[in-house]
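The sequence shown lines up with residues 994 to 1084 when you count with the numbering used here.
Every residue, glycine too, gets a C-beta built ideally from N, C-alpha and C.
Computed from a predicted model, the values in this text were never measured in an experiment.
Notes follow once the structure below has been shown.
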Amino acid sequence: MKVVVFNVEGIWFYKIKSGEKKHEYRLAKPYWERRLRDADVAEFRLGYPTNTDTDKIMGFEIAGITKMNGKNTDLAVDGEVFDIKLGKRLW
């Protein structure tokens, strides 16, 4: 199982946690292409928590990864982004 870690700000962390946000978006750049290749799990961390801050870490199955224009996403960029669809919460 390959886990990709996303350190996110509080607003996004809590929207994901509540189920309001079901997609994560990242710029379609070689850096993210490498990190997302063969990834099974998306782990979200509130900022940069210590290993003992388990309430600030959660993991989700990756239900799919596609590319799309980022204009109508959280990133609001007119360019290609990865759309990472979140599945079931694992932890």
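{"query": "A1069 versus T1045 - alpha carbon distance", "result": "34 Å"}
{"query": "Sequence-distant residues of the same chain with beta carbon closer than 6 Å to K1078, five excluded per side", "result": "H1016, A1056 and G1057"}
{"query": "6 Å CB neighbourhood of K1064 in its chain, flanking five on each side removed", "result": "D1071"}
{"query": "DSSP three-state assignment for L1029, whether helix, strand or coil", "result": "helix"}
{"query": "Helix, strand or coil at Y1041 according to DSSP, with G and I counted as helix", "result": "coil"}
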